[in-house]
Structure formats: C-alpha cells, structure tokens
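J.: Heads up, the sequence shown is in the working numbering, so the first residue is 43 and it goes up one at a time. One structure, as structure tokens, below. Some questions next.
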Amino acid sequence: MNNNKLIKICEEITRQKSIIGCKIYFHETLESTMTEAKNLVKSKSEEGTTVIAEIQTNGRGRLGRNWISPKGGIWMSIILYPNITPEEVSLITLAAATAVCTVIEQLYNVYPCLKWPNDIILNGKKICGILTEGSIGPDGLDYAILGIGLNLNFDNSNLPEEIKNLASTVISETGINFETEEVLRLLLLELNKAYKSFLFDREKILRLWESYSTTLGQNVSVVFDNRTITGTALRITGEGHLVVFVDETGEEIEVDSGEVSIRPPMK
Ligand code: BTN
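In structure tokens:
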C-alpha cells in the first residue's frame with residue numbers, strides 16, 4: 043500500500059475523531075494481524091488501534107482454518123475494549139459485517155449478503171470473513187480483537203483449489219479495480235459508524251444485518267458443539283446468536299457460534 047495515502051487516511055481519521063483506526067500500524071508482511079494486535083494489547087494500546095498487513099504468511103480463519111492472504115487483500119485487526127458481556131462478542135462480528143456490506147454495495151453497486159455468523163457473500167461466493175476473538179478475565183470481557191479479511195484486488199486463481207467454488211475476490215466478481223487504499227479508507231470510516239451503533243443503538247445493527255441476511259428464513263444445517271442440527275433459521279437474538287427451529291424435535295435452539303450450511307446450496 044502507498045505510504046502517503048495511508049498517512050492521509052490517518053489524518054482524516056484523526057480529523058473525524060474516529061475510534062477505529064485512531065492509530066494504524068502498517069506492515070508489509072506479518073504472520074497474522076491477530077497475533078500482532080494481541081501483542082499490542084499487552085502494551086496497553088488504545089481502543090481502535092488497527093494493525094494492517096499487506097501479506098499474511100499465517101492468516102487465521104475461524105475454526106482453526108488457514109486464511110490465504112496474498113497482496114491485494116485487506117487484512118486487518120482492530121483492538122476494542124467494549125463494556126459488554128462475553129456473550130455479546132458475536133455482535134461485534136455482525137456489526138463489522140454490515141460495515142463491509144455497506145462499503146461494497148456503495149462503491150461497486152453490487153449486493154453482497156451475509157451468512158451467519160461471519161461470511162460476506164457475493165454472487166454466492168465468500169469474499170470476506172470476520173474473526174472476533176475475545177479475552178475473558180475475572181470481570182468479564184478484557185478486550186476483543188476484530189479481524190477482517192477482505193479478498194479485494196487479487197485474482198481468485200490465487201485461492202486454493204479446494205475452496206475455489208466457495209470463495210472469490212471482489213475484483214474477480216465485479217471486474218472493478220478500486221484502489222485498495224480507498225476501500226480501506228471507506229471501510230475504516232464505516233466500521234467506526236457500525237461500532238458506534240453497536241455501542242449505542244444495537245437494534246440498528248441487528249436490523250441492518252437482517253437486511254443483508256441470506257440465512258434467516260432458510261432451511262439450514264448448523265454444526266456446533268460437535269453436533270449438527272437441521273431446521274429453519276428463525277431469527278437473530280439481541281446478542282447476535284442464531285435461533286433455529288429444529289425440524290426433528292420442534293424445539294428452538296440458540297446457537298452462539300457454529301458453521302451454517304444453507305440447504306439447498308446457494309447458486
Ligand atoms: C473466517 O474464517 O471467515 C475469518 C477470517 C478472518 C481473516 C482475517 S485476515 C485479518 C485477520 N488476521 C488473521 O489472521 N485473520 C483475520
């Protein structure tokens with residue numbers, strides 16, 4: 043990324059008194075921005091501190107998966123200290139996902155959608171994933187690290203063969219090449235708005251998330267806690283959990299994290 047452009051982004055964020063991106067650490071290569079952000083927490087970095095890497099050599103996804111992170115993507119982690127319960131951490135993921143959708147929709151004039159809990163889908167393929175890791179202490183949540191991986195300006199041929207039919211990149215799906223720095227700028231500003239809504243107006247985040255949802259109302263199977271349930275995805279709770287009506291038993295189960303497949307598979 044271009045250093046001067048990054049400096050301009052920092053200046054704008056300071057002018058706007060935004061929390062998100064109040065301090066930005068940019069690295070050409072890191073193993074994972076999550077690990078680096080955690081190290082920064084130890085040195086008492088302020089809320090909103092953002093770590094960005096041009097390339098990650100050991101990017102991490104949910105459920106212990108790798109996250110392929112070549113040049114051209116936006117790989118970043120943001121340090122947050124919200125005054126919330128550990129159960130509410132998933133809402134941060136949902137809030138961030140709405141920010142990503144808003145930016146993609148406004149810039150590219152395409153319609154991404156959201157698969158609970160953290161997948162941003164364009165043309166049926168995952169183009170962005172969000173990983174929020176919380177650290178819980180004796181008094182509740184100590185901090186959360188919000189990690190965002192946006193497959194932006196690299197060809198989807200860079201993605202591993204086994205996920206090529208499931209994942210893609212914004213440029214491959216839209217054919218449009220917006221400058222990575224410009225997308226980053228808009229994303230940081232939008233994330234700031236979403237974080238404020240998360241803190242002060244949760245309903246807004248939940249309604250926005252629902253408006254992008256491709257999960258609610260669908261037949262789903264959900265893998266969580268080593269079990270699989272199938273049924274209908276009914277609603278999202280105030281804590282961002284998914285409520286599923288289980289076909290077999292007729293009960294409603296609330297899932298706080300898991301892997302959702304929509305049946306029949308999305309086209
Ligand atoms: C997922 O599995 O969908 C979540 C992917 C999260 C990837 C991002 S890239 C920036 C940050 N650093 C990491 O190592 N992972 C997250």
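Cβ atoms here follow ideal geometry from the backbone N, Cα and C, with glycine treated the same way.
#1: Figure out for me which residue from Thr256, His69, Arg269 and Pro159 has the closest Cα to the Cα of Glu130.
#2: Determine, using beta carbons only, whether Thr257 and Leu156 come nearer to each other than 9 Å.
#3: What span of residues does the alpha helix (DSSP H) with Trp251 cover, start to end?
#4: Taking all protein chains shown into account, do 16 or more other C-beta atoms lie within 10 angstroms of the C-beta of Gly292, making it buried, or fewer, making it exposed?
#5: Can you give the Cα-Cα distance for Arg102 and Ala79, rounded to whole angstroms?
#6: Quick one: give me the first and last residue of the beta strand (DSSP E) that Ser214 is part of.
#7: Taking its Cβ as the centre, do 16 or more other Cβ atoms sit within 10 Å of Asp161, making it buried, or is it exposed?
#8: May I ask you to report which of helix, strand or coil DSSP gives Met43?
#9: Exposed or buried, what is Tyr237 when buried is set at 16 or more other beta-carbons lying within 10 Å of its beta-carbon?
#10: Could you check whether the Cβ of Ile134 sits closer than 8 Å to any heavy atom belonging to the ligand BTN?
#11: For the alpha helix (DSSP H) that contains Ile146, what are its first and last residues?
#12: Would you check whether the ligand BTN has a heavy atom nearer than 8 Å to the C-beta of Trp158?
#13: Give me the Cα-Cα distance between Ile169 and Val264, rounded to the nearest whole angstrom.
#14: Going along the chain, which residues of its own chain have a beta-carbon closer than 8 Å to the beta-carbon of Ile247, five neighbours each way excluded?
#15: What residue range does the alpha helix (DSSP H) around Thr257 cover?
T.: The short version:
#1: When C-alpha distances from Glu130 are compared across Thr256, His69, Arg269 and Pro159, the shortest belongs to Pro159.
#2: Here Thr257 is near Leu156, since their CB atoms are less than 9 Å apart.
#3: Per DSSP, Trp251 belongs to the alpha helix (DSSP H) from Arg244 to Tyr254.
#4: When all chains shown are included, Gly292 counts as exposed.
#5: In this structure, the alpha-carbon of Arg102 lies about 13 Å from that of Ala79.
#6: Premise fails: Ser214 lies in the alpha helix (DSSP H), Val212 to Thr216, not in any beta strand (DSSP E).
#7: Under a 10 Å Cβ-count criterion, Asp161 is classified as buried, with 16 or more other Cβ atoms of the shown protein chains found around its own Cβ.
#8: Taken through DSSP and simplified to helix, strand or coil, Met43 comes out as coil.
#9: Around the beta-carbon of Tyr237, 16 or more other beta-carbon atoms lie within 10 Å, marking it buried.
#10: Not so, every heavy atom of the ligand BTN lies at least 8 Å from the Cβ.
#11: Here the alpha helix (DSSP H) through Ile146 covers Val131 to Tyr150.
#12: No, since every heavy atom of the ligand BTN falls outside the 8 Å radius drawn around the Cβ of Trp158.
#13: Rounded to the nearest whole angstrom, the CA to CA distance from Ile169 to Val264 is 21 Å.
#14: Taking Ile247 as the centre and dropping the five residues before and after it, the same chain places the C-beta of Leu133, Leu136, Ala137, Thr140, Ala236, Ser239 and Phe240 closer than 8 Å to its C-beta, in chain order.
#15: That residue, Thr257, is in no alpha helix (DSSP H); it is neither H nor E in DSSP.
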